[in-house]
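First up is the structure itself, then whatever we jot down about it.
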Amino acid sequence: MDNTYDDLPFPRTDLAFKAVRYVKGIEDPAIFNHSMRSYLYGRFLGEQQGLQPDRDYDDELLFLGCLLHDSGLSAEGNGDQGFDIDGADLAARFLTDQGLSPEKIDVVWDAVALHLHYEIATRKRPEIALVTVGAGYDLGPDGTHALPDGYVDRVHAALPRLHGAAVLYDVIVGQALDKPSKAPPFSMPGELVRQRTKEAWPTWEQLMTQPPSWNDYDGYQSRT
Numbered sequence: 001m002d003n004t005y006d007d008l009p010f011p012r013t014d015l016a017f018k019a020v021r022y023v024k025g026i027e028d029p030a031i032f033n034h035s036m037r038s039y040l041y042g043r044f045l046g047e048q049q050g051l052q053p054d055r056d057y058d059d060e061l062l063f064l065g066c067l068l069h070d071s072g073l074s075a076e077g078n079g080d081q082g083f084d085i086d087g088a089d090l091a092a093r094f095l096t097d098q099g100l101s102p103e104k105i106d107v108v109w110d111a112v113a114l115h116l117h118y119e120i121a122t123r124k125r126p127e128i129a130l131v132t133v134g135a136g137y138d139l140g141p142d143g144t145h146a147l148p149d150g151y152v153d154r155v156h157a158a159l160p161r162l163h164g165a166a167v168l169y170d171v172i173v174g175q176a177l178d179k180p181s182k183a184p185p186f187s188m189p190g191e192l193v194r195q196r197t198k199e200a201w202p203t204w205e206q207l208m209t210q211p212p213s214w215n216d217y218d219g220y221q222s223r224t
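Structure representation (structure tokens):
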């Protein structure tokens, strides 16, 4: 791992080093830095809940989940599914190649696949919940958890923001404009595409009555 990060509490396992090299090689630098910061904030917010790494959760798995959570936004991870699922599948392939056990791979897969679903992810084990919490905090601090004095400066000195939120928006929308199936109506990527294109969402009735359909609206009188 780059010695730029020496004063930050990243895991120093062989797998962590390999994962950093891999993800750094496939992701936009702004997204890579976001993923690394997500771990630092997820770990810190876990400590605020009394969760200690390698006592209450597997610290390496949390790191892998954070590092790989946006890997679906890379050219290598860009498949035909939502970027969260594409990223989870890419993470599983990479970790399988590294010889990680299927049980641990399942944890990372869930952490990546669920990171857009806060209400679900935060009910899961810490290795999953803290990926979502850390990634969200990096994009917008919640205002209720104050970081130690100087901590943000240290993190941003080692991992500059590089317009992270703006880059994420452009990559998500760019993928979805190229492959509309990646941004179905009412999903987060779909909403970002709607904002970019100004297109109107179809109504529920329009979605349910487009052919082929079961004709549930034929002769129906609304109850509301």
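Just so we're aligned: 33 in full-length UniProt numbering is position 33 of the sequence shown, and the numbers increase by one with no gaps anywhere.
The C-beta atom is built at its ideal place from N, Cα and C for all residues, glycine as well.
Below 8 Å on the Cβ atoms is my guess for residue i versus residue j; work out the distance and round it to an integer in Å.
i	j	result
residue 193	residue 177	7 Å
residue 283	residue 41	In the structure as shown, the chain begins at 1 and stops at 224. Residue 283 is therefore absent and cannot be evaluated.
residue 83	residue 175	6 Å
residue 135	residue 117	At roughly 12 Å, the Cβ-Cβ gap does not stay under 8 Å, so residue 135 and residue 117 are not in contact.
residue 43	residue 155	Not really, about 11 Å apart at Cβ, beyond 8 Å.
residue 111	residue 85	No, residue 111 and residue 85 are not in contact; Cβ-Cβ is about 13 Å, not under 8 Å.
residue 66	residue 131	5 Å
residue 189	residue 198	Contact flag wrong, Cβ pair sits at about 16 Å.
residue 209	residue 217	5 Å
residue 61	residue 91	Rounded, the Cβ-Cβ distance is 11 Å, inconsistent with contact.
residue 122	residue 133	7 Å
residue 158	residue 4	5 Å
residue 73	residue 173	So it is not a contact: roughly 11 Å between Cβ atoms.
Please report the residue range of the alpha helix (DSSP H) in which residue i lies.
i	result
residue 126	126-139
residue 208	204-209
residue 236	In the structure as shown, the chain starts at 1 and stops at 224, and residue 236 therefore has no counterpart that could be examined.
residue 33	29-48
residue 4	It is not in any alpha helix (DSSP H) - residue 4 carries neither H nor E in the DSSP assignment.
residue 96	83-97
residue 16	14-26
residue 109	102-113
residue 192	188-197
residue 153	151-158
residue 121	118-121
According to DSSP, what are the bridge partners of residue i?
i	result
residue 57	53
Could you tell me if the beta carbon of residue i falls within a distance shorter than 7 Å of some heavy atom in the ligand GTP?
i	result
residue 208	The ligand content of the structure shown is nil, which means the ligand GTP is not present either.
Note to self: Between the stretch 92-109 and the stretch 41-57, can you find at least three pairs of beta-carbon atoms closer than 8 Å?
What the structure shows: Here the stretch 41-57 makes no contact with the stretch 92-109; the two share fewer than three CB pairs at distances below 8 Å.
Note to self: Under 8 Å, with one C-beta from each stretch per pair, do the stretch 74-91 and the stretch 145-152 reach the 3-pair mark?
What the structure shows: These segments do not touch.
Note to self: Does the stretch 155-173 come into contact with the stretch 15-32, if we say contact requires no fewer than three beta-carbon pairs (one atom in each stretch) closer than 8 Å?
What the structure shows: Touching, yes.
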